[in-house]
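Below is one structure, written out as structure tokens, with a few remarks after it.
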Amino acid sequence: MPLIVAPIGKELKIIKILADEKTKKHLESLGITLSSSVRIISQSGGSTICKIKDGRLALDKNLATKILVA
846 MPLIVAPIGK ELKIIKILAD EKTKKHLESL GITLSSSVRI ISQSGGSTIC
896 KIKDGRLALD KNLATKILVA
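Under my numbering, the sequence shown has 872 at position 27, and the numbering climbs by one with no breaks.
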């Protein structure tokens, strides 16, 4: 399922990133890689705030739909 529709507060695993190579490299530098765990903190106004490792990231709607989790 895309990150944008993932349940809040549940620990999820990233299974696929549907983005171009430049965007994938940028996400990897932020800690968003395949098989890494992510937890949704909140969603509002199209933005998704998630916790990855020890940090929090805000992702816009377009990017959050390209990250698939299970």
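Ideal Cβ placement from N, Cα and C applies to all residues, glycine included.
Please list, in chain order, all residues of the same chain as residue i whose beta carbon is under 6 Å from its beta carbon, the five residues on each side excluded.
{"i": "Leu863", "result": "Lys911"}
{"i": "Ala903", "result": "Ser892, Ile894"}
{"i": "Lys869", "result": "Ile862"}
{"i": "Ala909", "result": "Leu848, Ile849, Thr893"}
Name the DSSP beta bridge partners of residue i, please?
{"i": "Pro847", "result": "Leu913"}
{"i": "Leu904", "result": "Thr893"}
{"i": "Ile886", "result": "Beta-bridge pairing links Ile886 to no other residue."}
Is there at least one non-hydrogen atom of the ligand SAM closer than 8 Å to the beta-carbon of residue i?
{"i": "Gly876", "result": "Absence of the ligand SAM from the depicted structure is noted, as is the absence of any ligand whatsoever, leaving it without description."}
So residue i and residue j are supposed to be a Cβ contact under 8 Å. How far apart are they, rounded?
{"i": "Ile877", "j": "Ile859", "result": "7 Å"}
Nearest by alpha-carbon distance to residue i: which of the options is it?
{"i": "Lys855", "options": "Glu873, Ser880, Lys896", "result": "Lys896"}
If you drop the 5 nearest sequence neighbours on each side, which residues of the same chain put their C-beta closer than 8 Å to that of residue i?
{"i": "Arg901", "result": "Ile886, Ile894, Cys895"}
Looking only at its own chain, which residues have a Cβ that is under 7 Å from the Cβ of residue i, when we skip the five neighbours before and after it?
{"i": "Asp905", "result": "Gly891, Ser892"}
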